[in-house]
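Here's the structure we're looking at; comments come further down.
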Amino acid sequence: MSLYELASRLQNMTDTRKRKILLLTLVHPDFLPPVYSVAQVLRDEGYPVHILTFDSYVPAHIDLGPGIEIESVGRHHDLSLGKRLAIRGQYKQRAAQLAAENPLAIISFCAFTFLCGLKIRNKIPLIYHALEVADFIMSLFLKSPLSHFNNLRAIKKLNEASLVVTPSVQRSAWLAGRAHIESMPVTVLNTAYLKDKDGDSYGQYKQIIPATFLDKKVILYTGAVNTHLCTMELVQAFDLVNDQNSALIITGIKDNEYCAGIKQFVSQSRAAERIQLFPYLARTEMLALQANAAIGVCLAREYNDNLESKMMAPNKVGEYLARGLYLVGIKNEYLLPFKMKGIASLAETVSPAEIAVAIKDALAAVDNGNYKTAISNFVADYFCMQQQMKPVTAYLKGLGQ
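Per this note's numbering: the sequence shown = residues 103 to 503.
Listed below in C-alpha cells is the structure:
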C-alpha cells in the first residue's frame, strides 16, 4: 500500500467517525418519540447516530434499523434528589466520553442536556432542539427547583447554541423573545418518521385488545392522562355517543385519584364493554394500537392564564397521522389546519357534549373513507420528519463542507 493510499484510508476513517451525531435526551425516546424520528432521518442522511439517555419507564426493544445506537446510563425516575443528581453526574461523564470521539455535531433535546452539551462540546457544533417549554417562573421554583434552575441557565445561555430548534412557530417566537436571541429558532414540527411499511402489527394488536373490539372502529388515546388532556371528558363523550360499532382505548392510566374517577365512571357506563383502559404500554404495543385504530384523539385544552398551553406541539398528532388515523381534538390554533384539510373533527369546547359531536363527525368520516388519501398526501408532502428536518440536515451538510 502506497503512502498516499494509507493517508487516504486514514482520512476516510476520520471523516466517517466525524460524521457521527450524538443525541442527548434526559427523557427516554419511548416517551419523547420525536427523538426516534430525528435519529432515523439523520441515519437516512448517512450519519451514524448515538442516543444517550436514561431508562424507559416501560422497557421494550424498538427496531429502528441499523445505524442507531441507544445507550442508557440507568434509572432516573422515582429517585430521591440526591440519587438523581448522582445519576446525572454519571450521564455527564459518559456524554463527555462520547464527545471526545469528536462527532460532527451534538443535538440536545431539553434544558439539562443542552447545558451538558455546552460543557462537553469543545468546538463541536451544538444544536438545541427544545422539545419542551423550559421557562423559569419564580412562583413555581420551589415545586421543582432543579428543573427551574436548569431552565433559567438554558435561557441565559441560549445564544451559545449553534442552532436552535423548536416544535412550533409559536414556541420559536416565544423563545426568541424570552432569551433575547437575534435569530428566530428553526421550527421542526413534532412529526413521525414516515416508513414505507409499518410492519406486521396486527398479530400483536389482536393480543392486546379484547376480541370483541376486532370488528369495531377503534377510537384511540395514547399519552398522559390528566385534567389538562380532558381524558374524563373523553370517556363521558364516548358514553354520550353510544355507538355500538365503535370502541374506545385509553393508555396511560395511573394509580391516582383522577384515574380512579375515570375507572369509576367507566364501570357504570352503558358503553363499559366497549372501553378498555390500559396503564402505560411498551412502545411496541402502543405502535400496534396506532397502526390498527381508526381515530386518534388529542384533547389538550388551552388556558388563558397558562402560556405553555397556548403553545402546544403534541407528539401524538404526528404519530396518529403517520398511521392514517383521523383526528379528534378541541378547536385551537395548532389543530385548525388539520380540520381545514378534512382530516380532523374539532369540538368547539371541552364539554363532553361538544366532544361527542366531534366523535360522531369523525365516525362518519371514517365510514366515508375518503380521508385516507388526504392524510397520506399531507403527511408525505409536509407532516413527516423527513420533510420537517430539512433545515437541520442542510445545516449539518454545511458542516461537512
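The beta-carbon is built from N, C-alpha and C at its ideal position, and this holds for glycine as well.
C-alpha of Tyr422 to C-alpha of Phe133: approximately 15 Å in a straight line.
For the pair Glu375 and Leu296, the Cα-to-Cα distance works out to about 34 Å.
When DSSP states are grouped into helix, strand and coil, Thr495 belongs to the helix group.
Closest by C-alpha distance to Gln142, out of Asp165, Thr127 and Thr329, is Asp165. Within the model, the alpha-carbon separation for Leu391 versus Ile311 is close to 9 Å. By the neighbour-count criterion, in which a residue is buried when 16 or more other Cβ atoms sit within 10 angstroms of its Cβ, Tyr428 is buried. Leu465 carries a helical assignment under DSSP once its states are collapsed to helix, strand and coil. Looking at Ala476, Ala460 and Val151, the one whose alpha-carbon comes closest to that of Val343 is Ala460. Straight-line spacing of the CA atoms in Val271 and Asn292 works out to 11 Å. In the three-state scheme derived from DSSP, where H, G and I count as helix and E and B as strand, Lys365 is classed as helix. In this structure the region 336 to 351 lies against the region 313 to 321, because at least three pairs of beta carbons, one per stretch, are closer than 8 Å. For the region 154 to 179, not one full-length alpha helix (DSSP H) segment reaches 4 residues or more. Within the model, the alpha-carbon separation for Val494 versus Ala313 is close to 44 Å. In the structure shown, Ala281 adopts helical secondary structure according to DSSP, grouped into three states. By the Cβ test, the region 202 to 213 is in contact with the region 122 to 131, since at least three Cβ pairs between them sit closer than 8 Å. Between the beta-carbon of Arg255 and that of Leu217 there is about 6 Å, and that keeps the pair under the 8 Å contact cut. Residue pairing by DSSP places Val337 in no beta bridge whatsoever.
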